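Here's the structure, in structure tokens; my notes come after.
Residue numbers (this note's numbering), protein chains in the order written: chain A, 3 to 420; chain E, 20 to 258.
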């Protein structure tokens, strides 16, 4: 006998339009907050895990996996040591290696890290779902004293194509050792990726070698002539190597090979594994955030409890009438539970629609500006799960006033309290 | 119809009934109370006479502790709570003193409500060749509610109108027994007499038995029989 009950519940709720509407609104807002936090959270996590993809191994001087990932990919902190060029060549020519991209760090420009690398970087560095880097403007470097800058570097510092910048030795925002004699010309600006690439300045290894020529002791030797030609600028060392293999099944054996290489103490890490380790450290906050947003949903749901409990006494007569007509006590219970669930369902639905519309409105802009992928717009499985969970939770909470209404109805019997 | 059941079983057949609320002395002790099919009985009973308890037992809302309660030939006293509720939905119409209507439903929807709770009652309406809505409109019209009031929410109706909608709701789907508990005490004299006349004539037309409860014995005139609860309830003498 659910047909008359759903009809009654609907009419009863519509009759109390304003107060029910406000309760629906509070549920909608709490669900919006929860889903908003959830979407940004998963967007951030996926974005983090998508910082580097398509690279099978990252090789650096011997050290911890997380540390290697931090300085080579996230450009955070300092490398413990560099890798000799001959080691780089051994890795590059090892069987099973499809490609390598050397990375050399240590300089900066106004606080933005300078990455010395080869043009292959633009083809091989992948992020997200194996997306390649894209030039928003210009092209890659093909000679020395040319630089490509990330999207955020360009936006924050207001740089355009053809602008000249000077690099600083070291990684501080203010440096006392500027390579002022050798300005770099910006030849390309990369589109936003949501990765540390956005905050970097990319130059060729030869350019770095050229500006450091004669800096053996760490300071510019007076009267030193920096070389300007393209030849003879092979670096002695690099900071890290990005490695791609012929086939995924070779990754483990190659990793073991590099880790046990006798010529130099090297570490090879799988970026995916290291990213997960790193996320476990920084992801603790996400759990707290999630717990708070779940609690807020319960605050929203408790509004339903208040609304239903407040009307309980006024509705005693109504319940006695329904009993006299033949409604069973369980049907009184079901009516109240149904009302609670209906309020929650309407609220959750409104919240889900609102949050999806909001994300639809901003996700393209967030993607363009920050390279953060907020996930697919439009309701997903999470939304359905939230809709079901919120409705169910409300039904469970609603069973408390429902039980009281049923108990009243039984106590009142065939009499109406005036 | 069950085999062996009389063609017109008594509307109410109570025998050797005893009832006490938990922790209290007996409130009801009735050796015999009988209302024939289609009979219209005026039951006088002041408050405290066990009237509400008796009506609860007859309607099947209150479980029977001891004795026999048979309504329209069905032994309500021995039924499970769910079956008593179903029996009430199908066979009994109830009119209260006040607040008879579900406030968020219109007059018409209130009248139709019993048909939604009892397929048997809906089926009885269908067998007369009427749709539920035309039958509800017919009853409301007979009871003197004009077309404009039918769509109004229950709260917008006067008390007199509410009571007549309650009567229409009790009568729809031809239940065999109508219980009216002080249905006119909130009405003025004129609408009171009109209400009782209408109720009596509609019950006579459909063949429903009527148990009309009131403390006002001046209303007893139009009924087949007049019973004082204090005469049949041996516990009420002390009260």
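Glycine included, C-beta positions come from ideal geometry on N, C-alpha and C.
As the structure is a computational prediction, the values presented were derived from the model and not from experiment.
Quick one: residues in its chain with C-beta nearer than 6 Å to the C-beta of residue 61(E), no 5 flanking neighbours on either side, listed in chain order?
Residue mapping note: residue 61(E) aligns to position 42 of the second chain, counting from 1. Contacts found: 231, 239, 242, 245.
Taking all protein chains shown into account, do 16 or more other C-beta atoms lie within 10 angstroms of the C-beta of residue 315(A), making it buried, or fewer, making it exposed?
Position 313 of the first chain, counted from the start, is the residue given in the question as residue 315(A). Burial call: exposed.
In the DSSP assignment, find the alpha helix (DSSP H) that holds residue 300(A) and state where it starts and stops.
Sequence index remark: in the first chain, residue 300(A) carries index 298 (1-based). Looking at the DSSP string, the run of the alpha helix (DSSP H) that includes residue 300(A) is 286-312.
Tell me the DSSP bridge mates of residue 111(A)?
For the purposes of this step, residue 111(A) is taken as the residue at position 109 of the first chain. The partner list for residue 111(A) (beta bridge, DSSP) reads 114(A).
Where residue 6(A) meets chain E, residues with beta-carbon distance less than 7 Å
Within the first chain, numbered from 1, the residue matching residue 6(A) stands at position 4. Neighbours of residue 6(A) on chain E, chain order: 135, 136.
Residue 69(A) vs residue 240(A) beta-carbon contact at 8 Å
Stepping through the first chain from its first residue, residue 69(A) is reached at position 67. Stepping through the first chain from its first residue, residue 240(A) is reached at position 238. For residue 69(A) and residue 240(A), no; Cβs fall outside 8 Å.
In chain E, which residues lie less than 7 Å from residue 327(A) when you measure between Cβ atoms?
Looking up residue 327(A) in the first chain gives position 325. By Cβ distance, chain E contributes 108, 132, 133, 136.
CB-CB under 8 Å to residue 217(E), same chain, minus the five flanking residues each way: which ones, in chain order?
If you number the second chain from 1, residue 217(E) lands on position 198. Around residue 217(E): 161, 162, 163, 183, 186.
Could you give the DSSP three-state label for residue 242(A): helix, strand or coil?
Counted from its first residue, the first chain places residue 242(A) at position 240. DSSP places residue 242(A) in strand when its eight states are reduced to three.
Determine the closest residue to residue 77(E) out of 45(E), 32(E), 119(E), 39(E), with distance taken between C-alpha atoms.
Along the second chain, one-based indexing puts residue 77(E) at 58. Of the candidates 45(E), 32(E), 119(E), 39(E), the one whose C-alpha sits nearest the C-alpha of residue 77(E) is 32(E).
What whole-angstrom Cβ distance do residue 191(E) and residue 144(E) have, given they're in contact under 8 Å?
Here residue 191(E) refers to the residue found at position 172 of the second chain. Here residue 144(E) refers to the residue found at position 125 of the second chain. Residue 191(E) to residue 144(E), Cβ: 7 Å. Contact.
What does residue 341(A) reach in chain E if we use C-beta pairs closer than 8 Å?
Taking the first residue of the first chain as position 1, residue 341(A) is located at position 339. Chain E residues near residue 341(A): none, gap ~11 Å exceeds 8 Å.
Start and end residues, beta strand (DSSP E) containing residue 75(A):
Here residue 75(A) refers to the residue found at position 73 of the first chain. No beta strand (DSSP E) contains residue 75(A), which DSSP labels as neither H nor E.
Which of the residues in the stretch 139-160 of chain E, read from start to end, lie with their CB under 8 Å from any CB of chain A?
none
Strictly under 8 Å for the Cβ-Cβ distance: is residue 409(A) near chain E by that measure?
To locate residue 409(A), count along the first chain from 1; it is residue 407. No, residue 409(A) does not count as interfacial toward chain E.
Are the beta-carbon atoms of residue 121(A) and residue 108(A) separated by less than 8 Å?
Numbered from its first residue, the first chain carries residue 121(A) at position 119. Numbered from its first residue, the first chain carries residue 108(A) at position 106. Not in contact: residue 121(A) and residue 108(A) (Cβ atoms no closer than 8 Å).
Can you have a look at residue 222(A) and say buried or exposed, based on whether 16 or more other CB atoms are within 10 angstroms of its CB?
Against the first chain, residue 222(A) aligns to sequence position 220. With a pLDDT of only 48 at residue 222(A), under 50, the local geometry of the prediction cannot be trusted, and the value read off the model is given with reservation. By the 10 Å Cβ count, residue 222(A) comes out buried.
Quick test of your reading: residue 228(E) and residue 59(E), contact by CB under 8 Å. State the CB separation rounded to the nearest angstrom.
Residue numbering aside, residue 228(E) sits at position 209 when the second chain is read from its first letter. Residue numbering aside, residue 59(E) sits at position 40 when the second chain is read from its first letter. So it is a contact: roughly 7 Å between Cβ atoms.
Between the stretch 7-29 of chain A and chain E, which residues of the former have a C-beta closer than 7 Å to a C-beta of the latter?
13, 14, 17
Confirm, please, whether the CB-CB distance from residue 313(A) to residue 105(E) is below 8 Å.
Numbered from its first residue, the second chain carries residue 105(E) at position 86. Numbered from its first residue, the first chain carries residue 313(A) at position 311. Contact: no.
Can you tell me whether DSSP reads residue 193(E) as helix, strand or coil?
Taking the first residue of the second chain as position 1, residue 193(E) is located at position 174. If DSSP states are grouped into helix, strand and coil, residue 193(E) belongs with coil.
I need the boundaries of the beta strand (DSSP E) containing residue 231(E), first residue and last residue.
Counting from one through the second chain, the residue named residue 231(E) turns up at place 212. Taken as a continuous stretch (DSSP letters only), the beta strand (DSSP E) holding residue 231(E) covers 228-233.
Contacts that residue 60(E) makes with chain A (C-beta to C-beta distance below 8 Å):
Translated into the one-based positions of the second chain, residue 60(E) becomes position 41. Ordered by position in chain A, no residue passes the 8 Å Cβ test against residue 60(E), which lies about 17 Å from the chain.
Which two residues bound the contiguous alpha helix (DSSP H) that contains residue 408(A)?
Here the question's residue 408(A) lines up with position 406 in the first chain. Residue 408(A) -> alpha helix (DSSP H) spans 383-414.
Put residue 345(A) into one of helix, strand or coil per three-state DSSP.
Your numbering for residue 345(A) matches position 343 in the first chain. Three-state DSSP puts residue 345(A) in a helix.
Does residue 242(E) come out as helix, strand or coil in the three-state DSSP assignment?
What you label residue 242(E) is simply residue 223 of the second chain in a count that begins at 1. Reduced to three states, the DSSP call for residue 242(E) is coil.
Cβ closer than 9 Å: which chain A residues qualify as neighbours of residue 192(E)?
Position 173 of the second chain, counted from the first residue, corresponds to residue 192(E). Residues of chain A passing the Cβ test: none, with the nearest at roughly 11 Å.
Taking the DSSP output, what are the residues bridged to residue 105(A)?
Within the first chain, numbered from 1, the residue matching residue 105(A) stands at position 103. 242(A).
In DSSP terms, what residue 53(E) is bridged to:
If you number the second chain from 1, residue 53(E) lands on position 34. In the DSSP output, where bridge partners are listed per residue, residue 53(E) has 32(E).
Please check the pair residue 188(A) and residue 213(A), which I expect to be a contact at CB under 8 Å, by giving their CB distance rounded to whole angstroms.
Locating residue 188(A) in the first chain gives position 186, where the first residue counts as 1. Locating residue 213(A) in the first chain gives position 211, where the first residue counts as 1. That pair is no contact at about 16 Å.
Restricting to Cα atoms, I'd like to know which of 37(A), 255(A), 92(A), 208(A) is closest to residue 265(A).
As a working note, residue 265(A) is residue 263 in the first chain. Answer by Cα proximity: 92(A).
Give the DSSP bridge partners of residue 137(A), in chain order.
Along the first chain, read from residue 1 onward, the residue named residue 137(A) stands at position 135. In DSSP, residue 137(A) forms a bridge with 192(A).
8 Å Cβ cutoff, residue 52(E) in contact with chain A:
Within the second chain, residue 52(E) is the residue found at index 33, counting from 1. Output row for residue 52(E): interface = no.
Partners in chain E for residue 314(A), counting only beta-carbon separations shorter than 8 Å
Along the first chain, read from residue 1 onward, the residue named residue 314(A) stands at position 312. Chain E residues near residue 314(A): none, gap ~14 Å exceeds 8 Å.
Inter-residue CB distance, residue 36(E) and residue 87(E) (contact presumed, cutoff 8 Å):
Taking the second chain and counting its residues from 1, the one referred to as residue 36(E) is at position 17. Taking the second chain and counting its residues from 1, the one referred to as residue 87(E) is at position 68. Indeed they touch by this definition, with Cβ atoms about 7 Å apart.
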